[in-house]
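These notes are about the structure you will find just below.
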Amino acid sequence: MGYSFYPTDLEEMRLTSPRYTLAVHGGAGTMARGATDEAPYHAGLRAALAAGETILAQGGSALDAVVAAVTALEDEPLFNAGRGSVYTSTAEHEMDAAVMDGSTLAAGAVATVRTPRNPVQLARAVMDSRFVLLSGDGAEAFAREHGLEAMPPAYFHTAHRLEQLQRLQAQEGGQRMQMDHAPTAPLDETRKFGTVGAVALDSTGHLASAVSTGGMTNKHPGRIGDSPLVGAGIYANDQSCAVCATGSGEYFIRACVGHDIHARMAYAGATLSEASQAALAQVGQLGGEGGVVAVDRQGNIALPFISAGMYRGWVRAGEAAQTRIFED
Ligand code: ASP
412 MGYSFYPTDL EEMRLTSPRY TLAVHGGAGT MARGATDEAP YHAGLRAALA
462 AGETILAQGG SALDAVVAAV TALEDEPLFN AGRGSVYTST AEHEMDAAVM
512 DGSTLAAGAV ATVRTPRNPV QLARAVMDSR FVLLSGDGAE AFAREHGLEA
562 MPPAYFHTAH RLEQLQRLQA QEGGQRMQMD HAPTAPLDET RKFGTVGAVA
612 LDSTGHLASA VSTGGMTNKH PGRIGDSPLV GAGIYANDQS CAVCATGSGE
662 YFIRACVGHD IHARMAYAGA TLSEASQAAL AQVGQLGGEG GVVAVDRQGN
712 IALPFISAGM YRGWVRAGEA AQTRIFED
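Here the working numbering is used: the first residue of the sequence shown is 412, the next is one more, and so on.
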C-alpha cells in the first residue's frame, strides 16, 4: 500500500493516573472522490462517543461503555454493523461481534448471526456464560433463551448496501457497470471495511473492547472474519491495552493483530503506538489493509490505519470529543 501511518500526536500525552478514555471507529477504507457529505458520519461517531462517555463519566465500567458505544453504531444504518450490515453473496446478512474485559480476560463472541438487533449485546451475554464463541443457529437459540431483541430481515435491509452487492457482483463477473455511480459517502462504500468498534479505559483503570460487523460485502455464507476472534480483531488486557480492528479480516486473523499488539507491549516494552503500527505493518506485508483503535492503561490513544481513511473518534475526561475521517 502506498499509504503512511496516521501519526497520532495523542501518543505524546502520557497521563499519570487513569482518566477515562474512549475511542471508536466506524471502519476504514478508500476515498470516494466527489463525496461531500461527511457530516452524518461525524454525527454517528459523536453519538457513539456520547453513549459511552455518559457511562464513563458516571464512574461506569469500560465494558459497559464499549457495549453502549457499539450498540449506538449498530443502530446507525450508515455503518456496516447491526442495522447497516452488508450483504453476503446470497443477499442475506450474517453478523459477527465480540467483547473483551481486560480486567478478567473474559470474552464473548458470536459469528454468522442473522436476527439480533444488537449482536454486541449477544456477545456480552455469551461472555457472561461459560462459553466464549457461539455461531449460527446455536447463537440464535442462545439469543432467544436470553431474551435478546430479534429483528426480521427487512430491518437489516438498506437499499444502498444491496446496490453495493449488485455492483460488486457485476464487477466480479467481469461486466462493466452501466450506472454512473456518484459516491454518497466519504469512503468508497464498495471498497470499505465498515466494522464498528470501541475501546475504553475507565476511571478505575480497567480496559475493555467491543466490535461488531456485517463482515465483507459479497462474502461467502458462513465466512467468519477477524472481528469475533479473540486475539485477531479484538483484544483487551489491563496489563497493556484494549484494541479493536477493522479491515480485510483474513489478513488480521493471520497476523493475530489484537494479541500481537498486546504482546509487543507486554513482552517487548513497546509503546501503544509502536506496537499497533508494527502489528498493522504485518497486515500490510501480507497484502491486507485497514486500521485499529487502541487505548493503553495510561489512557494513551493510537488510531493508526493503512488505508486512505478511517471513520474514528475519541474523547477523554475533561476534553471535547473529536472525530476524523481522513489523515487531517
Ligand atoms: N474486519 C471485518 C471482517 O473481515 C470487516 C471490516 O472491518 O469491515 O469481517
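C-beta: ideal position from N, C-alpha, C; glycine also.
| Check | Outcome |
| --- | --- |
| In DSSP terms, what Pro-527 is bridged to | Ala-561 |
| Sub-8 Å separation of Ala-656 and Ala-647 beta-carbons | no |
| Distance between Arg-457 and Glu-449 (C-alpha atoms, nearest Å) | 13 Å |
| beta-carbon Asp-613 near the ligand ASP non-hydrogen atom, thresh 7 Å | no |
| Check: Phe-542 C-beta below 7 Å from any heavy atom of the ligand NAP | This structure lacks the ligand NAP; its bound ligands are the ligand ASP. |
| Coarse secondary structure for Met-627, derived from DSSP in three states | coil |
| Ser-651 CB to nearest heavy atom of the ligand ASP below 7 Å | no |
| Check: Gly-513 C-beta below 7 Å from any heavy atom of the ligand ASP | no |
| Spatially closest choice to Arg-628 from Glu-738, Gly-495 and His-436, by CA coordinates | Checking the sequence, you will find Thr at residue 628 rather than Arg. Per the Cα distances, Gly-495. |
| First through last residue of the alpha helix (DSSP H) which encompasses Tyr-498 | Element bounds for Tyr-498: n/a, residue is neither H nor E. |
| Simplified DSSP state of Ile-664, which is helix, strand or coil | helix |
| Chain-order list of residues whose beta-carbon lies under 6 Å from that of Ala-690 (same chain, five-residue window excluded) | Val-668, Asp-671 and Ile-672 |
| Rounded separation between Gln-582 and Ser-540 - CA only | 43 Å |
| Beta-bridge pairing of Phe-604 - partner residues as DSSP gives them | Ala-439 |
| Check: Gly-669 C-beta below 7 Å from any heavy atom of the ligand ASP | no |
| Touching by the beta-carbon criterion (3+ pairs, under 8 Å), the stretch 604 to 620 and the stretch 508 to 520 | yes |
| Segment limits, beta strand (DSSP E) that includes Val-510 | 506 to 512 |
| Rounded Cβ spacing between Val-706 and Ala-643 (contact assumed at less than 8 Å) | That belief does not hold up - the Cβ atoms of Val-706 and Ala-643 are roughly 18 Å apart, past 8 Å. |
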